[in-house]
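In our numbering, the protein residues as written are 212 to 338.
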């Protein structure tokens, strides 16, 4: 994938897709198996659903430009956590996944011009 700039000229959906692409690449390099992207219900969306060593992982991707006032992880507020938890429950119920170990990760994408810094924060949210 080309490391295109996170410039202001890109639309928010395009920046989001590019950040999610980079997050998936980093997760695969770290040993995750990507199961699904952009899982949607009428009320919730989960950016990435993956598996790592037998654990089902629901991941939220957060992107910011370098030098932003807050770290991308800090942008995950209580409301977002609640929607992620409810979305995960919906996903698991629809697929009859009971007694499956679950984890919530956040993937931070910080853009430094053409060179993004991607960090996987495991177990970032509590179940």
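Every residue, glycine too, gets a C-beta built ideally from N, C-alpha and C.
Take residue 267 and list the residues in its own chain whose beta-carbon comes closer than 6 Å to its own, dropping the five residues that flank it on each side. Here residue 267 refers to the residue found at position 56 of the chain shown. Cβ neighbours of residue 267 beyond the five flanking positions: 311, 313.
Among all the DSSP beta bridges, which residues are the ones paired with residue 309? Counting from 1 along the chain shown, the entry for residue 309 is found at position 98. For residue 309, which the question treats as bridged, DSSP gives no partner whatsoever.
Closest by C-alpha distance to residue 289, when choosing among 248, 260, 335: Sequence index remark: in the chain shown, residue 289 carries index 78 (1-based). Taking each of 248, 260, 335 in turn and checking the Cα distance to residue 289, the smallest one comes out for 335.
Proximal residues to residue 332 (C-beta, below 8 Å), its chain only, five neighbours per side dropped: Position 121 of the chain shown, counted from the start, is the residue given in the question as residue 332. Excluding sequence neighbours, residue 332 sits near 284, 316, 317, 318, 319.
Starting from the C-beta of residue 233, find all residues in its chain whose C-beta is less than 6 Å away, skip the five residues before and the five after it, and write them out in chain order. For the purposes of this step, residue 233 is taken as the residue at position 22 of the chain shown. The answer, listed in chain order, is 320, 327, 329.
Taking the straight line between their C-alpha atoms, what separation do you get for residue 291 and residue 257? For the purposes of this step, residue 291 is taken as residue 80 along the chain shown, with counting starting at 1. For the purposes of this step, residue 257 is taken as residue 46 along the chain shown, with counting starting at 1. Each residue's alpha carbon lies about 10 Å from the other.
Which residues mark the beginning and the end of the alpha helix (DSSP H) in which residue 237 is found? Indexing the chain shown from 1 puts residue 237 at position 26. Run containing residue 237: 223-240, per the alpha helix (DSSP H) assignment.
The beta strand (DSSP E) that contains residue 243, what's its start and end? Residue mapping note: residue 243 aligns to position 32 of the chain shown, counting from 1. Careful: residue 243 lies outside any beta strand (DSSP E) and carries neither H nor E.
Look up residue 273 in the DSSP assignment and say whether it is helix, strand or coil. Taking the first residue of the chain shown as 1, we reach residue 273 at position 62. Looking at residue 273 - three-state DSSP - the assignment turns out to be strand.
Does DSSP classify residue 294 as helix, strand or coil? Taking the chain shown and counting its residues from 1, one reaches residue 294 at position 83. Residue 294: helix per DSSP, three-state reduction.
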